[in-house]
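So the sequence shown is residues 6 to 209, counted in this note's numbering.
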Amino acid sequence: MIQRRLTISAAAFAICLGFWTHRGQSDEQPVGKTEAPKDIPQYTDKGELKLPSKFREWIFVGAALGLRYSEHGPYEDEEKFTNVYITPPAYAQFQRTGTFPEKTMLAMAVYRQGKKKPLGKRKLQGAFEGEFLAVELAVKDRANSKDAWTYFDFSPQEGQTALRKSAKAFATNKCFDCHAEHGAVDNVFVQYYPSLRRLQKPTK
6 MIQRRLTISA AAFAICLGFW THRGQSDEQP VGKTEAPKDI PQYTDKGELK LPSKFREWIF
66 VGAALGLRYS EHGPYEDEEK FTNVYITPPA YAQFQRTGTF PEKTMLAMAV YRQGKKKPLG
126 KRKLQGAFEG EFLAVELAVK DRANSKDAWT YFDFSPQEGQ TALRKSAKAF ATNKCFDCHA
186 EHGAVDNVFV QYYPSLRRLQ KPTK
């Protein structure tokens, strides 16, 4: 009888040991390369901003056609479509407080107008987005710039089609001054982006 109990106890112990061993193994996570956060700016060793590869997964805030501040008149054949996206954490804070936090990024994808092909007697009206051309970024990151915001252009280099993987910041008078003068909220053209405009807090 005692021997039988010892046998049962040993078997039970073996089952428990096997359970905990298996559980410990399944809870272990493979050691791999840590992925960089996709919602904050990343820079090269030379200080250039890296192109966020998944900017289209950010929050879409608005689109425009040929929108720009210029001393010259409109050039309809050169007007481009733009789609603007903002990082989710920045959108969440703007929704709560009406302000943009440090590390905010806004990406502007630029498209050529699509070519209209005649379909018999019917003519296609309006305009649509055609060839993808470039992406530009606005970044709020005082830790990496003397200005509150910096602006970057990832257009392909001359003779190439692929976007640049990293880019230098524009000079202050290239973009910052215009945004500072005309941006409705903290250098951002909130007035032209419906998803942000509806969240804008009234000024006191």
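Each residue gets a CB set at the ideal place from its N, CA and C atoms; glycine is no exception. No experiment lies behind these values; they were computed from the predicted model shown.
Contact check, residue i vs residue j, beta carbons under 8 Å
i, j, result
"residue 66", "residue 201", "yes"
"residue 145", "residue 175", "no"
"residue 87", "residue 72", "yes"
"residue 156", "residue 89", "no"
"residue 189", "residue 205", "yes"
"residue 180", "residue 74", "no"
Collapsed DSSP secondary structure at residue i in the structure displayed
i, result
"residue 201", "helix"
"residue 102", "helix"
"residue 74", "coil"
"residue 2", "Residue 2 lies beyond the range of the chain shown here (6 to 209); nothing can be said about it."
"residue 28", "In this prediction, residue 28 scores a pLDDT of 38, lower than 50, which makes its location untrustworthy; the coordinate-derived value is nonetheless stated afterwards. Here residue 28 sits in helix by DSSP."
"residue 148", "helix"
"residue 118", "strand"
"residue 169", "coil"
"residue 62", "helix"
"residue 163", "coil"
"residue 134", "strand"
Residue i: first and last residue of the uninterrupted beta strand (DSSP E) it sits in
i, result
"residue 158", "154–158"
8 Å Cβ cutoff, residue i in contact with chain B
i, result
"residue 129", "In the structure shown, chain B does not exist; there is a single protein chain."
Contact belief for residue i with residue j at Cβ below 8 Å, rounded distance in angstroms
i, j, result
"residue 53", "residue 160", "That belief does not hold up - the Cβ atoms of residue 53 and residue 160 are roughly 14 Å apart, past 8 Å."
"residue 93", "residue 44", "6 Å"
"residue 177", "residue 158", "Between residue 158 and residue 177 the Cβ distance is about 15 Å, and since that is not below 8 Å, they are no contact."
"residue 169", "residue 107", "Going by Cβ atoms, the distance from residue 169 to residue 107 rounds to 24 Å, so no, they are not a contact pair."
Cβ contact (3+ pairs, closer than 8 Å) linking the region 48–67 and the region 87–100: The region 48–67, when compared against the region 87–100, does touch it at the 8 Å Cβ threshold.
Answer yes if the region 134–145 comes into contact with the region 106–124, meaning at least three C-beta pairs across the two stretches below 8 Å, and no otherwise. yes
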